[in-house]
Each structure stands twice: as C-alpha cells, then as structure tokens.
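Enquirer: In UniProt numbering, the protein residues as written are 1 to 215.
We treat Cβ as the ideally placed atom computed from N, Cα and C, and that holds for glycine.
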Amino acid sequence: MTIQDVRLEEKQQALAELRDIKSLFAARGWFPGTSGNLSIRVGEFEADNFQFAITASGKDKSISTPEDFLFVDQSGQACEKTSLKPSAETLIHSEIYRLTGCGAIFHIHSVFNSIVSELFWSRKSIPVDGVELIKAFNIWEEEAHIEIPIVSNFAHIPSIVPEITERLDPRIPGIMLRKHGIYAWGANAFEAKRHLEAFEFIFEYVYRWELLNRR
Ligand SMILES: [Zn+2]
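(1) Mapping DSSP to helix, strand and coil, what is alanine 26?
(2) At a cut-off of 7 Å, is serine 35 close to ligand 1 when judged by its beta-carbon and the heavy atoms of the ligand?
(3) How long is the line joining the alpha carbons of leucine 70 and proline 86, rounded to whole angstroms?
(4) In whole angstroms, give me the CA-to-CA distance for lysine 61 and glutamate 197.
(5) For serine 35, which option in Phe45, Thr55 and Ala47 has the closest C-alpha, if you only look at C-alpha atoms?
(6) So, for asparagine 188: in the same chain, excluding its five sequence neighbours on each side, which residues have a beta-carbon less than 7 Å away from its beta-carbon?
(7) Do you know offhand how far methionine 1's Cα is from glycine 101's?
(8) Tell me whether glycine 181 counts as near ligand 1, meaning its Cβ is closer than 7 Å to at least one heavy atom of that ligand.
(9) Under 8 Å: do the stretch 75 to 82 and the stretch 140 to 156 share three or more Cβ pairs, one atom per stretch?
(10) Which of helix, strand or coil does DSSP assign to serine 152?
(11) Ends of the alpha helix (DSSP H) at threonine 100?
(12) Nearest by alpha-carbon distance to residue 216: which of Asn213, Phe199 and Ala192 is it?
(13) Go ahead and pull the three-state DSSP assignment for alanine 144.
(14) Check the C-beta distance from arginine 194 over to asparagine 153 and give it rounded, since I have them as a contact under 8 Å.
(15) From phenylalanine 137 to glutamine 13, what distance separates their C-alpha atoms?
(16) What distance in whole Å lies between the Cβ atoms of isoleucine 126 and valine 116, which are believed to be in contact at a cut-off of 8 Å?
(17) So is glutamine 4 buried or exposed if we call it buried at 16+ other beta carbons inside 10 Å?
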C-alpha cells in the first residue's frame with residue numbers, strides 16, 4: 001500500500017487533529033525550543049508496511065504553517081515529493097507503530113519527566129504505586145503498581161531503537177528517554193492525549209513525592 005491508496009479525507013483528518021493537538025500542547029508549554037513531535041497513522045496497517053503524518057523537523061510549534069507536517073512510510077521516508085524533513089526522532093515513532101500497531105504517538109519534553117527519568121535511571125524504570133490516574137492506561141486493579149520503562153538517550157537516534165524494541169511493555173502505553181522526554185501512544189489521537197496527560201500528572205506526582213520523602 002502507498003500513501004496514494006489512503007483516502008484524502010483520512011489524510012486531511014489526521015492533519016487537522018495534529019494541528020489541534022499541536023496548538024493545545026504548545027499553549028501548555030510542552031514544546032520548548034522546537035522540541036517534541038507528534039504523529040498520527042493513516043491507512044491500513046501491516047507491521048512492515050504503514051504510513052503516518054508527523055511533525056516536520058525544527059519548526060516553531062506555537063505557530064501554524066503549511067510546512068508543519070508531512071507523510072512518511074514505515075522507514076521514515078517521505079511518501080510525497082517535499083523538501084520538508086521529518087522530525088529527527090521519526091525512527092522511534094516507526095518502531096512504536098511497528099511493535100504496537102497503535103494509531104497516534106505524542107512526544108514531549110518536560111522538566112518533571114526529565115528529572116524523574118534520571119532519579120530512577122539505575123533501575124531503568126519509574127515505579128508508580130496506586131496513583132488514581134494509572135486507570136487512564138486501562139489498568140483497573142486496586143492500588144496498581146506499574147513500572148514505566150526508561151531507555152538510553154543517545155544522540156544517534158537509530159541506536160535508541162533496539163532498546164525500545166527490547167523494553168516496550170505492551171501494558172504501559174509510554175516509554176521514557178533518559179533526561180529527554182516521554183513517548184506516549186494510543187489507538188487514536190484522543191487516547192494518546194489521555195495517556196500523555198496521565199503520564200505527565202504521574203511524573204509530577206512522583207517528583208513531588210520523592211522531594212517530600214527525601215532527607
Ligand atoms: Zn525529543
């Protein structure tokens with residue numbers, strides 16, 4: 001399947017959703033210094049054949065322009081003739097789509113997620129106990145305990161991918177890059193946004209809890 005096989009309405013829907021999410025998250029200060037990236041998958045999915053719309057590299061995400069997004073295939077190559085470059089971290093999106101078949105992936109950098117990833121780097125996961133918002137991940141046990149995986153943050157993005165492959169936990173719709181930021185995903189943009197908001201709440205909670213309990 002190629003991007004030409006995807007209905008125009010579906011592509012436009014993906015771009016409209018990305019635009020809305022981008023301006024909402026920008027207003028929250030979630031894209032400092034052009035960081036962060038967003039993607040939504042379109043068309044049919046096979047693990048080795050799929051397409052998604054993703055933010056173009058190096059754009060100011062607080063403004064809207066005709067150059068904000070492009071469509072790429074599973075290997076991160078542009079599907080259409082364009083001079084736009086996909087986000088530098090596109091290969092991480094590709095790998096998460098390949099492993100999960102999800103519909104949308106949102107990635108942001110925040111002070112809380114970065115600090116917490118460093119705080120728990122030695123155990124390679126962030127432990128969370130009984131916080132109500134764990135339910136946002138469709139985990140309904142009483143006093144649930146989860147571990148949010150943390151992977152290395154190499155400047156060379158392809159080197160990060162094997163750790164994602166190894167550490168991604170199908171029960172947890174997110175993965176942290178050490179001192180960098182969270183990738184959160186869902187079946188669609190609505191679910192990915194819910195997951196991302198829950199992760200950010202949890203990271204702030206864990207940060208403040210650690211602060212209160214450290215002497
Ligand atoms: Zn990033």
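Expert: In short:
(1) Helix at alanine 26.
(2) Relative to ligand 1, serine 35 has its C-beta within less than 7 Å of a heavy atom.
(3) Taking the straight line joining both Cα atoms gives about 7 Å.
(4) Rounded to the nearest angstrom, the two C-alpha atoms are 18 Å apart.
(5) With respect to the C-alpha of serine 35, the residue from Phe45, Thr55 and Ala47 having the closest C-alpha is Thr55.
(6) Counting only residues of its own chain and dropping the five nearest sequence neighbours on each side, asparagine 188 has a CB closer than 7 Å to the CB of Gly103 and Ala104.
(7) Cα to Cα, methionine 1 sits roughly 16 Å from glycine 101.
(8) Answer for glycine 181: yes, Cβ within range of ligand 1.
(9) Here the stretch 75 to 82 does not lie against the stretch 140 to 156, with fewer than 3 beta-carbon pairs under 8 Å apart.
(10) Reduced to three states, the DSSP call for serine 152 is coil.
(11) From DSSP, the alpha helix (DSSP H) with threonine 100 extends over 90 to 100.
(12) No answer is possible for residue 216: it lies beyond the span of the chain, which begins at 1 and ends at 215.
(13) In the structure shown, alanine 144 adopts coil according to DSSP, grouped into three states.
(14) No, arginine 194 and asparagine 153 are not in contact; Cβ-Cβ is about 25 Å, not under 8 Å.
(15) Distance from the CA of phenylalanine 137 to the CA of glutamine 13, rounded to the nearest whole angstrom, comes to 25 Å.
(16) Yes, valine 116 and isoleucine 126 are in contact; Cβ-Cβ is about 6 Å, under 8 Å.
(17) Glutamine 4 is exposed by the Cβ-count criterion.
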